[in-house]
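Data block below; observations after.
Protein chains: 2
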Amino acid sequence: MADLLVVGTGLIGTSVGLALRGQSDVVLSDLSAADLAVAVERGAGRAWDGEEAFAHCLVAASPSAVVSVVRRLADRSGTFSHVASVQRAVQDDLAGSGVDLARVCGSHPMAGKEQSGPTAASASLFAGRPWVLCPSGQTSPGALAAVRDLALACGAEPVELTAEQHDAAVARVSHLPQVAASAVAAVLAAQGEELALAGPGLQDTTRIAASDPALWVEVLRQNAAAVAPLVRELSRELAIAADALDRADPAAVEDLLRRGNAGRRLVPRKRGEHDRDFVVVPVAVPDSPGQLAGVLASAAQAGINVEDVRVEHLPGRPTGVIELLVHLSAQAQARTALAAAGWDVVGG
Amino acid sequence: MADLLVVGTGLIGTSVGLALRGQSDVVLSDLSAADLAVAVERGAGRAWDGEEAFAHCLVAASPSAVVSVVRRLADRSGTFSHVASVQRAVQDDLAGSGVDLARVCGSHPMAGKEQSGPTAASASLFAGRPWVLCPSGQTSPGALAAVRDLALACGAEPVELTAEQHDAAVARVSHLPQVAASAVAAVLAAQGEELALAGPGLQDTTRIAASDPALWVEVLRQNAAAVAPLVRELSRELAIAADALDRADPAAVEDLLRRGNAGRRLVPRKRGEHDRDFVVVPVAVPDSPGQLAGVLASAAQAGINVEDVRVEHLPGRPTGVIELLVHLSAQAQARTALAAAGWDVVGG
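Protein chains in written order, with our numbering: chain A, 209 to 556; chain B, 209 to 556.
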């Protein structure tokens, strides 16, 4: 008997298999033989033979498949979970389906990327990320424990919420920003003008406007009750702002900007963003192999801990700038050591 | 006689001085003796003695100061430019002031950062960025050439636009995204709920909501005529989306998402974003000095060109993941060479 069957070897399912490698005996299943083959080849688990039993089943396929999978595999699995990005709708489907609700616990790992499919999967996808557990009133302690253990084994941080709490939270942190980014980009598209002057502000604000419409229309449909009031409130804020601009009312505009500051402070810091104790040391280098390694080797030799590094390629130029992030206390030493090693430290 | 007087040694003025070091004789002036001292100390130029003449004067101070500076220094400078983020208002101020308009050319370097002041200045701030030149109908060829030469000497790409074209363009690429990000964050602040589940989508969409309200209220006031219609159109799109969600009209929601895709395709790629020919090779490392240098040295020894690199620190864990971006054609070789050198290549 296997420890786990993963149904659906896309980004999430394959990443779960990779994260559990060496910890659990995982079998895999997918309607696509090609995706299944990639997941097996990458080491996410064994192909399920259609007969073997397993302790737990994770449905990492479309939310609409959850009920039929649970019904079909009820004899082979102990407990079930799924990874639907809207929980209430799946819980309702299950409640009306006649399956044994005690054995099922919904869940939602808050991890993803712009790419999809088993080739984009990674053992570290869930590391340090929240994994929401959404037991229903009928979920047994054993079913909840099974998905909690799974989340922990993947390196995630389990967070228990009701389906309603989860759906309201993702409406705020994920679905509202998606609609807003799409709407900003749609307004710009309608202008029919070049955006060549765009800088990082527009680029960040519209990044998720590139998301897959087919996937998102389904997510938004399922969570419409939570998302629509937020979208309407955003529309109202913007109508008030437009009126304030028209009648030259700076106090109203400033009020919006200040409330925006307050909201931004509620957003947890992104991995890769750093506090004010870190400073950038920029080094100009020719754009050729080995420069990055050379700069970092010089820093390491001087005992400088480089917290982060970014490479800025200048369009159409044969040079780039390597930005090293170091602690404020190490800034002077880093600049001196890198310059002494012959590097072109910028703005010194 | 100096080549250039920079009035205002904030982020932009000091960065101009640093970029011109070794190319031009730059004198500096600022109402703040402390800021001036930092700029001189950093090597941006000499402190202006209040008497010396100069070929060109760049007003890198508040837009409201432009007229008085031009009037006061008319006897000492050949030509003038400024760096106002809204051009029409300054052009109107100048036109009504009685100064010699032939000697003045507005301009706007499209560069900045979240920090301000001379300590944040950098010689590479303008490298590869657009620098908009906005001559009025009265601007002489000599005044236009002076600011064009200045932009080129700073490593920027000069782009000539009318004040109206400039103001309409920044309304789209900068002012609309600012209002949108502030409004999204303001809606979230009003919810009064934790945003602990937030991922990169919300973080990117609201990043510029942290901007300085005092500065932005002035920019938005000056460009209200161009910004208000865009904000109103955004409000309208969102009202339609909220209605479509309420009445479960997936076609209308999908239409918005698809137009968002189209708009996003118009946004130029950010420095540090890469096309689909590049893939990530993740390497798990202990979070201690020298790991980054070691991984990159191994890549360099194997002849792998690392296009970009990112360090992911996992909160509360003693390890991190270094993500190397390499060309698709080098992926297999990079994974093999790094594993052979003893590194923990993830998901292999």
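Ideal Cβ positions, reconstructed from N, Cα and C, are used throughout, including at glycine.
If only uninterrupted alpha helix (DSSP H) runs of at least 4 residues are considered, those enclosed by the region 256-307 of chain A are 274-280, 295-303. Straight across, the Cα-Cα distance linking leucine 302 of chain A with valine 340 of chain A is about 18 Å. Taking a 10 Å sphere around the C-beta of methionine 318 of chain A, we find 16 or more other C-beta atoms and assign the residue as buried.
Any Cβ of chain B closer than 7 Å to the Cβ of alanine 227 of chain A would place that residue at the interface, and such an atom is absent. Identification of chain A residues near glutamate 368 of chain B by a Cβ-Cβ cut-off of 8 Å yields none; the smallest Cβ-Cβ distance measures about 13 Å.
Just so you know, the alpha carbons of proline 490 of chain B and valine 553 of chain B end up roughly 6 Å apart.
Counting along the chain, the unbroken alpha helix (DSSP H) around proline 385 of chain A starts and ends at 384-399. Residues of the region 396-416 of chain B with a C-beta atom less than 8 Å from some C-beta of chain A are Leu396, Ala397, Ala398, Gln399, Glu401, Glu402, Leu403, Ala404, Leu405, Ala406, Gly407, Pro408, Gly409, Leu410, Gln411, Asp412, Thr413, Thr414, Arg415, Ile416, listed in chain order. Within the same chain, Cβ atoms closer than 7 Å to the Cβ of threonine 327 of chain B are found at Val246, the five residues on either side in sequence being excluded. Leucine 536 of chain A is positioned such that its CB atom lies no closer than 7 Å to that of valine 488 of chain A. The C-beta distance from alanine 292 of chain B to histidine 316 of chain B rounds to 7 Å, short enough to meet the 8 Å contact threshold.
With a threshold of 7 Å between beta carbons, glycine 230 of chain A makes no contact with chain B. C-alpha of alanine 417 of chain A to C-alpha of asparagine 469 of chain B: approximately 6 Å in a straight line. Membership of proline 437 of chain B in the alpha helix (DSSP H) is indicated by the continuous run 432-454. Contact check for cysteine 313 of chain B against alanine 364 of chain B fails: the beta carbons are separated by 7 Å or more. One finds Val395 in chain B with Cβ atoms closer than 7 Å to the Cβ of glutamate 441 of chain A, taken in chain order. In summary, proline 494 of chain A is exposed, with fewer than 16 beta-carbon neighbours lying within 10 Å of its beta-carbon over all protein chains present.
Cβ proximity to chain B below 8 Å picks out Ala376, Ala377, Val378, Arg380, Val381, Ser382, Leu384, Pro385, Gln386, Val387, Ala388 from the region 375-388 of chain A.
Around valine 529 of chain A, the beta-carbon contacts reaching into chain B at under 8 Å are Ser332, Ala335. Residue-level contact by beta carbon fails for proline 494 of chain B and chain A, as no gap is shorter than 7 Å. For threonine 544 of chain A, the number of other beta carbons within 10 angstroms of its own is below 16, and it is reported as exposed. When Cβ-Cβ separations below 7 Å define contact, alanine 361 of chain A makes no contact with chain B. Counting every other CB atom within 10 Å of its CB across the protein chains shown gives glycine 400 of chain A a total below 16, marking it as exposed. Rounded to the nearest whole angstrom, the CA to CA distance from alanine 391 of chain A to threonine 222 of chain B is 37 Å.
Listed by position along chain B, the residues whose Cβ is nearer than 9 Å to that of methionine 318 of chain A are Leu405, Ala406, Gly407. Residues of chain A whose Cβ lies closer than 8 Å to the Cβ of valine 248 of chain B do not exist; the shortest such Cβ separation is about 14 Å. Between alanine 436 of chain B and the set A/Asp454, A/Ala406, A/Trp424, the nearest pair of CA atoms involves A/Asp454. Assigned with DSSP and collapsed to three states, glutamate 402 of chain B falls in coil, not helix or strand. Residues of the region 436-468 of chain B that bring their beta carbon within less than 7 Å of a beta carbon in chain A comprise Ala436, Leu438, Val439, Arg440, Glu441, Leu442, Ser443, Glu445, Leu446, Ala447, Ala449, Ala450, Leu453, Asp454, Ala456, Pro458, Val461, Glu462, Leu464, Leu465, Arg466, Arg467, Gly468, in sequence order. Using a CB distance cut-off of 7 Å, tryptophan 551 of chain B does not count as an interface residue toward chain A.
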